[in-house]
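Below is one structure; the comments refer to it alone.
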Amino acid sequence: MSNNVCNPINSEPIQPILFEQVQQDHPEACYQWVVDSESIAVANSDEQAQQRIDLLVNASNQNHAAASILLGQWHVLGHYVTQNLDAAILFFQHAAKLGAAIAHLELAYIGLNGLVEKINLEQALEHLQQAVTFNHPEAIHLYAKYLLKQEPETAQSLLMDNYLKHQYQESLKLLVQHEAFNQEQVKSQLEDMAQQDYFACAVLAFHFLKHGDEKLALKYADLAQEQHEPYGCYIRALLEQKNPVGSAEIAHEFLLKAAKNGHIESIYLVAVELLKQSDIAQNSAARTELHQQAFGFMQQAALAGNRDAQYSFSQFLKQGIGTEKDLQQGLYWLKQAAQNHHCDAQFELAMLLPLQHEQHLPLLGTAAQNGHIQAMLCMAIHAQRQQKIEQALAWLHKAKAGNSPRACYLLAQIYRDGVGITADLPQSVEFLQQAADLGDIEAYFELFKAYKEGLGVRKNKSLAIKYLNLAKENQHIEAASIEF
116 MSNNVCNPIN SEPIQPILFE QVQQDHPEAC YQWVVDSESI AVANSDEQAQ QRIDLLVNAS
176 NQNHAAASIL LGQWHVLGHY VTQNLDAAIL FFQHAAKLGA AIAHLELAYI GLNGLVEKIN
236 LEQALEHLQQ AVTFNHPEAI HLYAKYLLKQ EPETAQSLLM DNYLKHQYQE SLKLLVQHEA
296 FNQEQVKSQL EDMAQQDYFA CAVLAFHFLK HGDEKLALKY ADLAQEQHEP YGCYIRALLE
356 QKNPVGSAEI AHEFLLKAAK NGHIESIYLV AVELLKQSDI AQNSAARTEL HQQAFGFMQQ
416 AALAGNRDAQ YSFSQFLKQG IGTEKDLQQG LYWLKQAAQN HHCDAQFELA MLLPLQHEQH
476 LPLLGTAAQN GHIQAMLCMA IHAQRQQKIE QALAWLHKAK AGNSPRACYL LAQIYRDGVG
536 ITADLPQSVE FLQQAADLGD IEAYFELFKA YKEGLGVRKN KSLAIKYLNL AKENQHIEAA
596 SIEF
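Under this note's numbering, the first residue of the sequence shown is numbered 116, with each subsequent residue one higher.
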């Protein structure tokens, strides 16, 4: 007899004991059944999706904190339910009252990212501190990052303790990555730890690599990778790549070794390498095989929580790279990446929503805060339409700092037209020049007009001709019809 029976709830395989407990509305069984089902595949019908929701609600109503958290996460993502942060907050708050550290952490993330007004910065920090009191490693790490600018010594101590007590590796890596910490002190601590701890040995290798001492970096990376420490293998690959006479093949072998030993970023990078190799494959059979290999590695990294992999995996699924096209699964992984603070995913999700959708603007704003240039420009245009010129200028200057030619061009327009501020033609031309230096075609044409007419600058025929020709070379329609 098979170890599985058919679950009449939705015809998915389920363990007999678990099935019996689900039938009895046991909260842990209901929750575990949904988790197991989700790990196999997303629901293939509205009915199946609703059944999963109902089981979680049933468990949540019986004060099962994990079920409430998962329902909250689904409402954040819009997974099977309408995206609704207010509903998500209610589920997280319910779990938080039950003493779930992750629920406090989720509420902290919502408040710190400014997604809703009902959780302000002060409340977000209260939730974060509550999660810290539960000794939740991710919460401690996030709190240390928050303290970093104001209290670097306290943050440094928190991060080191977080690694020593909870083995939270990101905390140890952050100590080396950020210059606000006392790097001599960090190095000394790592040297003491490296004798017994091969992850610390690998982090010490990264410290020396970061500070230009490749000889010592190599020494500690080799010590770590010889013990098959994944991060040590990864650093050894980086050293090989950085070496002017290094071997690409050896670097790939170390990267593959890191991936096989569970280093998530290496798994993602191997997938990227395989995808690049597929672009130059000699035939379709080789290309298909490389695509399938890349899909497998990307899926592994996505399942492990790497946000870059989650976003890339969504594109694999949407485009059918190494697998059949699956738009539903693609959207699911796009939402996972967005929840994991991937700015491209957040922007793409925002663009999929109608402009009037309650989550369109918050997602766009979060993407912009996380460094997405196009999202910054959209937020600037929105602010300008709302006649909030200071906000518009702030977003545009932030995008300009990211070398956005369009931001420079839009700043030039604002200063030319004097909308909400005093017009300043010389300043407008300066921004146009910066946009043109970054390749903005409209800026070429506007500079032609400025130098031709003397708008904000002295007339200059040779410069006018230069920018007109640049506009023509880049197929500017209006420029093409002008002879000057």
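Backbone N, C-alpha and C define an ideal beta-carbon position, used for all residues, glycine too.
It should be emphasised that the depicted structure is a prediction, and the values quoted were computed from it without experimental measurement.
Item                                                                                                                                                                : Value
Determine the direct distance from the alpha carbon of A507 to that of P497, and round the result to whole angstroms.                                               : Here the sequence assigns His to residue 497, which means Pro is not the residue at that position. Going by the C-alpha atoms only, they are around 8 angstroms apart.
Ignoring anything shorter than 4 residues, give me the alpha helix (DSSP H) runs that lie fully in the segment 406-450, in order along the chain.                   : 422-434
Report yes if the C-beta distance between A514 and I556 is below 7 angstroms; otherwise report no.                                                                  : no
Inspect the beta-carbon positions of L243 and A223 and report whether they are closer than 7 angstroms.                                                             : yes
Three or more beta-carbon pairs under 8 angstroms between the segment 310-321 and the segment 380-396, yes or no?                                                   : no
Excluding sequence positions up to five away, which residues of its chain have a Cβ less than 6 angstroms from the Cβ of A210?                                      : A180, S183, I184 and A218
To the nearest whole angstrom, what separates the beta carbons of Y524 and S543, a pair I think is in contact under 8 angstroms?                                    : Rounded, the Cβ-Cβ distance is 10 angstroms, inconsistent with contact.
Any idea what DSSP makes of A594, helix, strand or coil?                                                                                                            : helix
Specify, as a first and last residue, the run of the alpha helix (DSSP H) that G226 falls within.                                                                   : A216 to L227
Short of 6 angstroms in beta carbon distance, which residues of its chain neighbour A495, apart from the five on each side in sequence? Order them along the chain. : A507, W510 and L511
Take N584 and list the residues in its own chain whose beta-carbon comes closer than 7 angstroms to its own, dropping the five residues that flank it on each side. : none
From the DSSP output, in three-state form, read off T481 for me.                                                                                                    : helix
Using three-state DSSP, classify G187 as helix, strand or coil.                                                                                                     : helix
Kindly indicate which residue of Q430, T438 and K433 has the alpha-carbon position closest to the one of L405.                                                      : T438
Shortest alpha-carbon distance to E237 belongs to which of E285, A409, Q208 and G226?                                                                               : G226
My output table needs one value for K233: the three-state DSSP class, helix, strand or coil.                                                                        : coil
Please classify N589: does DSSP put it in a helix, a strand, or coil?                                                                                               : coil
Of all the alpha helix (DSSP H) runs that stay within the bounds of the segment 352-397, which reach a length of 4 or more residues?                                : 363-375 and 379-394
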